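Notes to accompany the following structure.
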Amino acid sequence: MFKLGQRVVIVADSFEQGMPIGEYGYLIGRDRNPDSAFSWIVRIPKIDKQYALVEDDIALEETLLEQEAERVQKEALLDYALATRNEALFRQLMGIQDVTEENGEPVKESMEEFIRKVNIKAWI
Numbered sequence: 157m158f159k160l161g162q163r164v165v166i167v168a169d170s171f172e173q174g175m176p177i178g179e180y181g182y183l184i185g186r187d188r189n190p191d192s193a194f195s196w197i198v199r200i201p202k203i204d205k206q207y208a209l210v211e212d213d214i215a216l217e218e219t220l221l222e223q224e225a226e227r228v229q230k231e232a233l234l235d236y237a238l239a240t241r242n243e244a245l246f247r248q249l250m251g252i253q254d255v256t257e258e259n260g261e262p263v264k265e266s267m268e269e270f271i272r273k274v275n276i277k278a279w280i
């Protein structure tokens, strides 16, 4: 997944080494020793240090940017659905299934009931 020289972001500190989470670094080495818990050596130029860390502690910058873009897009669609009172879009974004009766017909809830459910979820 990673290659030497790649720019990565530190996203966790599994071994509590005091790593600067959120800082950029460059992969400068790979530890292939099966007895070592660490798999990569990362150089962080901002603080002029090197850290040995596991693969779960780092992520590619492109991956983090994609995840942030998806999160912002979902939040914008939720805001739009709530502003326009688009119940179908809201249910789709939140993953809420339509309530059906035993005979298979969908139950139509009132607007007040829908707003109450939205407010309950917003409170949590």
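For the sequence shown, the working numbering gives the first residue as 157, with consecutive numbering after it.
Even glycine gets a Cβ: it sits at the ideal position worked out from N, Cα and C.
Here the structure is a predicted model, which is why all the values come from computation and not from measurement.
- Query: Excluding sequence positions up to five away, which residues of its chain have a Cβ less than 8 angstroms from the Cβ of Leu160?
  - Reply: As a working note, residue 160 is residue 4 in the sequence shown. Excluding its 5 nearest sequence neighbours in each direction, Leu160 has C-beta neighbours in its own chain below 8 angstroms: Leu183, Ile184, Gly185, Arg186, listed in chain order.
- Over what stretch of residues does the beta strand (DSSP E) that includes Lys205 continue unbroken? Within the sequence shown, numbered from 1, the residue matching residue 205 stands at position 49. In the DSSP assignment, Lys205 falls within the beta strand (DSSP E) that extends over 205-209.
- Message: Within a Cβ cutoff of 6 angstroms, which residues of the same chain sit near Met175, ignoring the five residues on either side of it in sequence?
- Response: Along the sequence shown, one-based indexing puts residue 175 at 19. Once the five neighbours on either side are set aside, the close Cβ partners of Met175 are Ile166, Asp169, Tyr207.
- Could you check if Val198 is buried or exposed, using at least 16 other CB atoms within 10 Å of its CB as the buried criterion? Looking up residue 198 in the sequence shown gives position 42. A residue is called buried when at least 16 other Cβ atoms come within 10 angstroms of its Cβ; Val198 meets this threshold and is buried.
- Residue burial classification, Leu209 (beta-carbon count within 10 angstroms, cutoff 16): The count along the sequence shown starts at 1 and reaches residue 209 at position 53. Counting C-beta atoms within 10 angstroms of its own C-beta, Leu209 has 16 or more neighbours from the protein chains shown and is therefore classed as buried.
- Residue range of the unbroken beta strand (DSSP E) whose run includes Val198: If you number the sequence shown from 1, residue 198 lands on position 42. Boundaries of the beta strand (DSSP E) around Val198: 196-200.
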